[in-house]
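J.:
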Amino acid sequence: MQDCIFCKIVNKEVPADVVYEDGDILAFKDINPQAPFHILLIPKKHIPTFFDMEEGDGQILGKLHEAAVQVARDFGLTESGFRLVSNCRAGAGQVVFHIHYHLLAGRELNWPPG
Ligand code: AMP
Ligand code: ZN
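For the sequence shown, position 77 matches number 202 in our numbering, and the numbering has no gaps at all.
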């Protein structure tokens with residue numbers, strides 16, 4: 126998708142601090158971290174929101190969850206844990222319309238979020 130910042134990161138047209146990559150998934154540090162540890166995990170496929178998912182996309186998101194656990198293990202979060210959240214549509218706080226999950230850790234995380 127031409128004007129999508131995350132597609133540009135996937136295509137290496139925009140730099141990012143990548144921490145995990147495979148055929149379907151990319152994970153990189155959030156440019157405006159909300160916690161000491163703030164990683165974004167995205168499918169390489171451009172899917173604007175969960176409502177735009179097509180057949181087979183669920184498998185990709187399953188792999189994304191596995192990648193999130195691997196990233197958390199790699200960064201030593203096994204004991205302290207982490208939060209994995211996704212904002213779907215503007216009303217929920219979505220700003221970039223390419224599905225992504227925020228992996229947050231490294232500070233006390235309150236619930237419910239604001
Ligand atoms: P959301 O509000 O859920 O759509 O989250 C979008 C996230 O993308 C925000 O936390 C931004 O800080 C982050 N973000 C936007 N542009 C970039 C970028 N070029 N590199 C890394 N993170 C970005
Ligand atoms: Zn995109």
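Cβ atoms here follow ideal geometry from the backbone N, Cα and C, with glycine treated the same way.
1. My output table needs one value for I172: the three-state DSSP class, helix, strand or coil.
2. Quick check on L209: does DSSP put it in helix, strand or coil?
3. What does the alpha-carbon distance come out to for the pair I167 and E204?
4. Taking the alpha-carbon positions, what's the E191 to L209 distance?
5. Taking only three categories from DSSP, how would you classify I164?
6. Between which two residues does the alpha helix (DSSP H) holding H190 run?
T.: By the coordinates alone:
1. coil
2. strand
3. 24 Å
4. 12 Å
5. strand
6. Here the alpha helix (DSSP H) through H190 covers 182 to 199.
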